[in-house]
Amino acid sequence: TRLLLGGLAQRSVLDTLREEGEEVDLGDVRKTGFGKTLCVESGGPEPGVGCAGRGIITSINLLESLGAYDETEKLDYVFYDVLGDVVCGGFA
């Protein structure tokens, strides 16, 4: 994500929800990067607490509820780059 955004770090969905609460807009969690790529960073739980898979599921559910996958968004592809060392087996 950082390379697509020109080296900038993106605030994750989970950090945004922690700081802003449940009332967020799509623009709060999605940024436009190189080649008009739309980027979202899901983030994870605080170290030692919870399951990284839940963070991914929370992010996908939030994006669905905000209309990120609607036909009006005119997406060609949706890619998920998930860490290979997710700390729980529930998501796999």
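All residue numbers for the sequence shown refer to the working numbering, where the first residue is 339 and numbers rise by one. The C-beta atom is built at its ideal place from N, Cα and C for all residues, glycine as well. Here the structure is a predicted model, which is why all the values come from computation and not from measurement.
By the neighbour-count definition (other C-beta atoms within 10 Å, threshold 16), Leu-400 is a buried residue. Here Gly-381 is near Leu-352, since their CB atoms are less than 7 Å apart. The continuous alpha helix (DSSP H) containing Val-351 extends over residues 351-358. When C-alpha distances from Gly-344 are compared across Ser-397, Val-420, Lys-369 and Tyr-415, the shortest belongs to Lys-369. In the three-state reduction of the DSSP assignment, Lys-412 falls in the coil class. In this structure, DSSP gives Thr-339 a state outside helix and strand, which the three-state scheme calls coil. Leu-342 places its beta carbon less than 7 Å from that of Thr-375.
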